[in-house]
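K.L.:
Sharing a structure with you now.
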Amino acid sequence: MTSLDRIRNFAVIAHIDHGKSTLADRVLELTRAVDPREMRAQYLDSMELERERGITIKAQNVRLEWKGHVLHLIDTPGHVDFGYEVSRSLAACEGVVLLVDASQGIEAQTLANTYLALEHDLAIVPVLNKIDLPAAEPDRVAEEIDRVLGIPAQDILRISAKTGEGVPEVLDAIIEHIPPPKGDGDAPLQGLIFDSYYDMYRGVVSAVRVFNGTMSSGQRLRFLQARAAHDAEEIGVRLPAPTPVASLGPGEVGYLIAGIKDVGEARVGETVTDAARPGQALEGYRDPKPMVFCGLYPVDGDEYADLRESLEKLRLNDSSFTYEPETSGALGFGFRCGFLGLLHMEIVRERLEREYDLELVATAPNVEYIVHTTEGAEEIVDNPSAMPPANAVESIEEPYVTITVLTPTEYVGTLMDLCQQRRGEMAKLEYLSEERVELVYTMPLAEIVLDFFDQLKSRTRGYASLDYEPAGYRPSDLAKVDVLLNGVPVDAFSAIVHRDRAYDYGRRMATKLRELIPRQLFDVPIQAAIGGRIIARETVKARRKDVLAKCYGGDITRKRKLLERQKEGKRRMKQIGRVEVPQEAFVAALRLEE
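Just so you know, the sequence shown maps onto residues 0 to 593 in numbering that gives the first Met the number 0.
Structural data, given as structure tokens:
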């Protein structure tokens, strides 16, 4: 066990792509934690998707030695969708290293993460990264940090995580400025689980931070929220290879394997204590609440059971998404899944397709609405097909978010225009420096989930950055638009949109479907409707067969007879004719917004 004053626990926080994982690589090399022959870029990002996209999705922790001190480093994700990973990592730390890119300056996530660290009362070690870049302006950015975050410019360390320049000074600053953990080794055991994942062979592996008492191998442990008791089969630390140890004392971070088969029993935020001498529960975390919902359906209906099994397995490693079975007349059996954001949705879908060899169709993303019915009941609707009929709806509330956009000054006009188009209300406009502006808007989450981020990036040539957080529910004038093919509503194409946009959505959907649906032997009307009122219509014209081809000359009555017979056949077919909609049409129509 290490004495408390020799321990430092810290996380690396920053905006996306400001160099967190690269700094972690240099620290691993400097402290000789990894054999140089085994070293690779982004060493701690172990998931194939993380390495391919160059982003961190799961927070990772590692124990290092530097100048007689034990450092516990937690490398966190930078993307707004994985903010909950950051917040729970911070609960296991006493300080943070705040990284800022010397060429980009302060971005939206830099601000959000700094406020998170301040809320947790953590010491901050400010670091300017990428000073080796030709476009780096360390003096300007240091001044910006001083003005916006109130951290004196002369205290900011300047490094290049890529070349390793200045990294030893960062480790020295961590030892100097970040306080050692507090804790009592003789008190009853209190340990906080801040991450867990499922291992095929060992069961649940939990990352745990001990606050008080001592956790020993073989000890009988009690999980307070789950009200379950398990024996600690193995306790260890990551160096970064998992290495078993006999015990973990106060202030130490390690992992715990207790033969648990269900991740639900070792939830993030769970307090672990001694079964014989239980301690108090620690303050845990709020469960991350899904913000964006979409339907996932197998392209081949026979793969439904495989999809269910894959979702169960994936949920063991990512407890932040939800799923429940649903049926669609058009797409068959599938699941309604809830995610923290669009990137999260994309990653879960990609992992399902990759790791479990599934072919999936995802419906357009939706958010969760609160519907007040005329009978005074309140319903939560996350799927347009579950919306009560128009005459039974009193009012609808939709979720709002507060978005923070940081942008160079020349793009302010185009961004204000974008936010106003998306029903945004300005809350604040502040010049952080002569060339950087912070815009804060309140707008409906539904306006963000489709392509807001892409629009933001394309209008600012990639220079603006976005962060958002929930801001509660507000009443809105919303309507459900149904799409009818040959008079039959197709649930997969229904959408809940603002009444001012309903006509536009119906018109675009009808036009798009007219191009996608192949011609049948009868006319197919495509209609968009709100309740019983048709707001747009297109027709897929029937295939024409020339029944008069064999009539050259002869009496006109012969031709008439043939045409009448064809007409009668078409009329009869139309009564029983089901419109054939190919799978590709569904996929293409659901990509309408893209």
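Don't be surprised by glycine CBs; every beta carbon is placed ideally from N, CA and C.
Predicted, not measured: the structure shown is a model, and the values here were computed from it.
Within 10 angstroms of its Cβ, does R31 collect 16 or more other Cβ (buried), or is it exposed?
P.N.:
R31 is exposed by the Cβ-count criterion.
K.L.:
Could you work out which residue in G331, T372 and Q420 is closest to D450 when comparing CA atoms only?
P.N.:
Ranking the options by Cα distance to D450, first place goes to Q420.
K.L.:
Given this structure, state the Cα-to-Cα distance separating A594 from V61, to the nearest angstrom.
P.N.:
Since the first residue shown for the chain is 0 and the last is 593, residue 594 is missing from the structure and cannot be characterised.
K.L.:
Quick check: I529 and E537, are their CB atoms within less than 8 Å of each other?
P.N.:
It is not a contact, given that the beta carbons lie outside the stated cut-off.
K.L.:
Determine the direct distance from the alpha carbon of E358 to that of E352, and round the result to whole angstroms.
P.N.:
Each residue's alpha carbon lies about 6 Å from the other.
K.L.:
Tell me which residues share the same chain as R5 and place their Cβ nearer than 8 Å to its Cβ, disregarding the 5 neighbours each side in the sequence.
P.N.:
So the qualifying residues of the chain are G67, H68, V69 and P179.
K.L.:
For I555, count the other beta carbons within 10 Å of its own beta carbon; 16 or more makes it buried, fewer makes it exposed. Which is it?
P.N.:
Answer is exposed; the Cβ neighbour count stays below 16.
K.L.:
Grab the span of the beta strand (DSSP E) containing V523 for me, first residue to last.
P.N.:
Looking at the DSSP string, the run of the beta strand (DSSP E) that includes V523 is V523 to I529.
K.L.:
Smallest Cα separation from F334: which of E354, V252, S309 and G340?
P.N.:
Here the closest residue by C-alpha is S309.
K.L.:
Could you pull out every unbroken alpha helix (DSSP H) segment of at least 4 residues lying fully inside the segment 130-203, listed in chain order?
P.N.:
Runs found: 137-148 and 166-176.
K.L.:
The alpha helix (DSSP H) spanning D499 covers which residue range?
P.N.:
Counting along the chain, the alpha helix (DSSP H) containing D499 begins and ends at R498 to L515.
K.L.:
Grab me the residues of S475's own chain with a C-beta within less than 8 Å of its C-beta, minus the 5 sequence neighbours each way, in chain order.
P.N.:
Cβ neighbours of S475 beyond the five flanking positions: I395, E396, E397, P443 and H497.
K.L.:
Which of the three DSSP states is assigned to S319 in this structure?
P.N.:
Reduced to three states, the DSSP call for S319 is coil.
K.L.:
For E269, list the residues DSSP reports as bridge partners.
P.N.:
According to DSSP, which records beta bridges pairwise, E269 is partnered with nothing at all.
K.L.:
In the DSSP assignment, the alpha helix (DSSP H) including Q454 goes from what residue to what residue?
P.N.:
Unbroken alpha helix (DSSP H) run through Q454: F451 to R458.
K.L.:
Could you check if K129 is buried or exposed, using at least 16 other CB atoms within 10 Å of its CB as the buried criterion?
P.N.:
When all chains shown are included, K129 counts as buried.
K.L.:
Helix, strand or coil: which one does DSSP assign to M214?
P.N.:
Three-state DSSP puts M214 in a strand.
K.L.:
Assign N211 to buried or exposed, taking buried as 16 or more other Cβ atoms, counted over all protein chains shown, within 10 Å of its Cβ.
P.N.:
Per the 10 Å Cβ criterion, buried.
K.L.:
Tell me the rounded alpha-carbon separation between S20 and L484.
P.N.:
So the alpha carbons of these two residues sit roughly 51 Å apart.
K.L.:
Mind reading off the beta-carbon distance from V207 to L188? Whole number of angstroms is fine, and I expect it under 8 Å.
P.N.:
Incorrect: roughly 11 Å between the Cβ atoms, too far for contact.
K.L.:
Do S102 and A152 have their C-beta atoms closer together than 8 Å?
P.N.:
Cβ distance not < 8 Å, so S102 and A152 don't count as in contact.
K.L.:
Note the first and the last residue of the continuous beta strand (DSSP E) segment covering C92.
P.N.:
Note, C92: premise wrong, no beta strand (DSSP E); not H, not E.
K.L.:
Report all residues from its chain with a CB closer than 6 Å to the CB of C418; omit the five preceding and five following residues, and keep chain order.
P.N.:
So the list reads Y440, once near-sequence residues are dropped.
K.L.:
V33 lies in the alpha helix (DSSP H); which residues open and close that run?
P.N.:
It is not in any alpha helix (DSSP H) - V33 carries neither H nor E in the DSSP assignment.
K.L.:
So, under 8 Å CB-CB, D550 and R557 are touching, yes? Tell me the CB distance rounded to an integer number of Å.
P.N.:
Rather than Asp, the amino acid found at residue 550 in this sequence is Cys. Correct: roughly 6 Å between the Cβ atoms.
K.L.:
When the distance is taken between beta carbons, is L98 closer than 8 Å to H17?
P.N.:
Yes, these two residues count as a Cβ contact at 8 Å.
K.L.:
Identify, in the order they occur along the chain, each residue of the same chain with its Cβ nearer than 6 Å to the Cβ of I402, setting aside the five sequence neighbours on each side.
P.N.:
The residues are Y440 and Y467.
K.L.:
Let me check understanding here. Comparing Cα to Cα, which of G294, L223, P287 and Y296 lies closest to R276?
P.N.:
Nearest of G294, L223, P287 and Y296 to R276, Cα basis: L223.
K.L.:
Terminal residues of the continuous alpha helix (DSSP H) containing R639?
P.N.:
This structure gives no information on residue 639, because the portion of the chain shown stretches from 0 to 593.
K.L.:
By DSSP, does K312 sit in helix, in strand, or in coil?
P.N.:
It is helical.
K.L.:
Between the C-alpha atoms of R500 and T75, what's the straight-line distance to the nearest angstrom?
P.N.:
One C-alpha to the other measures close to 39 Å.
K.L.:
When burial is assigned at 16 or more other CB atoms within 10 Å of the CB, is N112 buried or exposed?
P.N.:
Buried is the call here.
K.L.:
Going by alpha carbons, who is nearest to D426 out of T408, P407 and V400?
P.N.:
Residue identity differs from the one stated: residue 426 is Ala in this sequence, not Asp. That would be V400, whose Cα lies nearest to the Cα of A426.
K.L.:
Starting from the C-beta of E433, find all residues in its chain whose C-beta is less than 8 Å away, skip the five residues before and the five after it, and write them out in chain order.
P.N.:
T408, listed in sequence order.
K.L.:
To the nearest whole angstrom, what separates the beta carbons of C92 and A10, a pair I think is in contact under 8 Å?
P.N.:
C92 to A10, Cβ: 5 Å. Contact.
K.L.:
Roughly how many angstroms lie between the CA atoms of D198 and V204, to the nearest whole one?
P.N.:
Cα to Cα, D198 sits roughly 7 Å from V204.
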